[in-house]
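In our numbering, the protein residues as written are 97 to 362.
Remarks on the structure that follows.
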Amino acid sequence: MNAVRIAWRITRLNFRAQLEYRSEFLLMIAIGAIWQVSVIVFATVLLTRFAGMGGWDSSEVLLIPATRMLAHGIFVLFLGRLHGIGRIIQEGMIDTYLVRPMPVFRQVQLSVFPTNAIGDLTVAVGLMVGALSRSDLDWTAGRIMYLVVCVLGGMLLEAALFTVVACASLRFPAADYWGRWLEELLGTFGSYPLNVLPRAVSGFLTFGLPLAFVAYFPAAVLTGHGHDTGVPYWLAAASPLLGLAAFLGARLLWRWSLGHYTGVNG
């Protein structure tokens with residue numbers, strides 16, 4: 097509980113520090129929202145020009161970007177400072193973190209308040225509300241609970257992927273650029289059914305870089321397309337558990353990488 101109180105206090109101080117510059121604060125929120133404008137355009141075109149995609153109704157497809165964006169927004173809010181780990185390492189701040197009593201991973205997350213996450217989450221919540229309002233599904237308590245768990249699982253899976261990039265950055269600081277590539281992949285391929293892609297590409301995004309488990313598989317299970325994903329139904333349904341397992345594994349890799357960290361200059 098003491099660790100939670102300290103984290104909350106630091107977060108409040110960081111937030112108040114951001115508010116000292118109101119214009120910049122509002123600009124960062126706007127940037128967070130504008131960054132997702134491509135998804136909004138995709139959703140608009142999908143709903144106005146197409147009846148569906150890859151055997152999915154347009155209202156069903158809309159659930160995929162809504163789930164991905166909400167998971168991404170929560171990730172940015174709570175764990176998104178992993179995006180800046182390369183700069184933290186190159187500037188030598190990680191060496192300072194190592195001699196402090198607080199865990200390094202937590203210090204990285206508390207280094208700054210992610211103002212842009214407010215914009216991300218605003219757009220994500222709006223898109224999710226739109227997706228649910230257009231859906232013809234019977235949203236029982238069980239289905240709603242599964243959706244919530246899937247969003248959290250998607251957030252953990254995204255966090256796991258960026259934690260692996262952060263681990264690589266501890267050894268090769270330039271590996272931080274892989275994070276930008278990963279974010280581009282998430283934004284490009286994470287918003288529609290992967291069965292519209294060539295089999296080799298969809299296979300890579302399932303078993304090589306498991307982006308399919310962030311939103312595609314959960315949405316498929318919820319909308320009744322779980323048997324048409326190219327993987328066993330139980331595997332698609334277990335997407336949230338995979339996210340949790342991946343994050344726990346990534347944290348173990350982080351601890352191992354941190355233990356073998358020798359500094360920017362080796």
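Backbone N, C-alpha and C define an ideal beta-carbon position, used for all residues, glycine too.
Is the region 297-305 touching the region 269-277, taking contact as three or more C-beta pairs under 8 Å?
no
Over the uninterrupted alpha helix (DSSP H) stretch that includes PHE285, give me the two end residues.
In the DSSP assignment, PHE285 falls within the alpha helix (DSSP H) that extends over 272-285.
Quick check: the Cα distance between VAL261 and TYR242, rounded to an integer number of angstroms?
Their Cα atoms are separated by approximately 29 Å.
Starting from TRP152, follow its DSSP beta bridges and name the residues at the other end.
TRP152 is bridged by DSSP to MET149.
Could you tell me which of ASP232, ALA162, PHE309 sits nearest to PRO328, measuring between CA atoms?
PHE309
Find out if the Cβ-Cβ distance for the pair LEU248, HIS168 is shorter than 9 Å.
no
Taking ARG177 and VAL208 to be in contact with their CB atoms under 8 Å, please state how far apart those CB atoms are, rounded to whole angstroms.
That pair is a contact at about 7 Å.
By a C-beta neighbour count over all protein chains shown, 10 Å radius and 16 as the cutoff for buried, is THR211 buried or exposed?
buried
Report buried or exposed for VAL172, applying the criterion of at least 16 other Cβ atoms within 10 angstroms of its Cβ.
buried
I need the straight-line Cα distance from GLY326 to VAL317, nearest angstrom please.
12 Å
Distance between beta carbons of ILE160 and TYR288, contact taken as under 8 Å
Indeed they touch by this definition, with Cβ atoms about 6 Å apart.
Could I get the ranges of all uninterrupted beta strand (DSSP E) runs contained in the region 211-277, with 3 residues as the minimum, in chain order?
Counting only runs that start and end inside the region 211-277, there is no beta strand (DSSP E) element of at least 3 residues.
If you run the structure through DSSP and keep just helix, strand and coil, what is VAL100?
helix
CB contact flag (MET189, ILE102, <9 Å)
no
Helix, strand or coil at ALA334 according to DSSP, with G and I counted as helix
coil
Within this structure, are the beta carbons of HIS179 and ARG267 separated by less than 9 Å?
It is not a contact, given that the beta carbons lie outside the stated cut-off.
Can you have a look at ILE240 and say buried or exposed, based on whether 16 or more other CB atoms are within 10 angstroms of its CB?
The Cβ neighbour count for ILE240, taken over all protein chains shown within 10 Å, is under 16; the residue is labelled exposed.
Integer-rounded CB distance, given that PRO314 should sit under 8 Å from LEU253:
About 10 Å; that fails the 8 Å criterion.
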